[in-house]
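> Sharing a structure here in C-alpha cells format.
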Amino acid sequence: MDSFAASLLALIITGLFAVATLLTGAIALFTRTGWSLLLRTKDFTSTNSKEVVRAPNVRGWGARQIVTGVCLWGALILGDQVLFQVGLLSLLIRQGLDILLYVLDGTPRRTILFIVAAIPTAAAFVSVL
23 MDSFAASLLA
33 LIITGLFAVA
43 TLLTGAIALF
53 TRTGWSLLLR
63 TKDFTSTNSK
73 EVVRAPNVRG
83 WGARQIVTGV
93 CLWGALILGD
103 QVLFQVGLLS
113 LLIRQGLDIL
123 LYVLDGTPRR
133 TILFIVAAIP
143 TAAAFVSVL
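Convert by adding 22 to the 1-based position in the sequence shown; the result is the number in the working numbering.
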C-alpha cells in the first residue's frame, strides 16, 4: 500500500478552513451572531405573527459549519487521503452552493468572496486525488 502525504497546499487550506469553520460555526451556534459577509444576521419579521426574530437561520448555519470543520480536522489529525478528499470536497461543495446562492440573490461581494475561496480549495482537492 502506498503511503499518502498531503501537499503543502492541501495542508494549508485544510488547516485554515478547519479552524475557520469551527470558530465561525461555534460563534453562530452559541451566540446567534456571525460575520455578516458570510451570512445574514439581521432581524426578520415573521409573516404570520409579526414577531421580530433575530437571524433565525444562524444557528443551523453554525451547526453545518462545525460539521464541515470536523471533516477537515479528521483529515489533519489522521492524515488519511480519503479524509482529505471528503473534507475538501465537502468544503468545495459548500463554497459552490454559496456561490450559486449569492449569484441568485444578486450579492456580488459575497459571490466574489466565495469564488476567491473556492479556487485554492479546488486546487487543494485536486492535489489529494
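Using N, Cα and C, we set each Cβ at its ideal position, and we do this for glycine too.
Considering only residues of the same chain and omitting the five flanking positions on each side of I121, which have a CB-CB separation below 7 Å?
Closer than 7 Å at Cβ, skipping near neighbours: T133, F136, I137 and A140.
> Does the distance from the C-beta atom of G96 to that of G47 stay below 7 Å?
Taking 7 Å as the Cβ cut-off, G96 and G47 do not qualify as a contacting pair.
> What is the rounded straight-line gap between the Cα of D102 and the Cα of V80?
Approximately 32 Å, taken between the alpha carbons.
> Let me know if A32 comes out buried or exposed under the rule of 16 or more other beta-carbons within 10 Å of its beta-carbon.
Counting Cβ neighbours within 10 Å, A32 comes out buried, since at least 16 surround it.
> Just how far apart, CA to CA, sit V89 and F106?
Their Cα atoms are separated by approximately 14 Å.
> Taking Cβ positions only, does G37 come closer than 7 Å to chain B?
The chain inventory of the structure shown lacks chain B, comprising one protein chain alone.
> Exposed or buried, T36, counting other C-beta atoms within 10 Å across all chains shown (16 or more means buried)?
Its Cβ being crowded by 16 or more others within 10 Å, T36 is buried.
> Enumerated in chain order, which unbroken segments of the beta strand (DSSP E) with a length of 3 residues or greater are wholly contained in the segment 61-141?
As far as the segment 61-141 is concerned, its whole beta strand (DSSP E) runs of at least 3 residues are 65-67 and 74-76.
> Given this structure, state the Cα-to-Cα distance separating V125 from V92, to the nearest angstrom.
Going from the Cα of V125 to the Cα of V92 covers about 28 Å.
> When we look at the beta-carbon of L100 and count the other beta-carbons within 10 Å, is it buried (16 or more) or exposed?
Exposed, because fewer than 16 other Cβ atoms sit within 10 Å of the Cβ of L100.
> Would a C-beta distance cut-off of 7 Å place L94 and G82 closer than the cut-off?
No, these two residues do not count as a Cβ contact at 7 Å.
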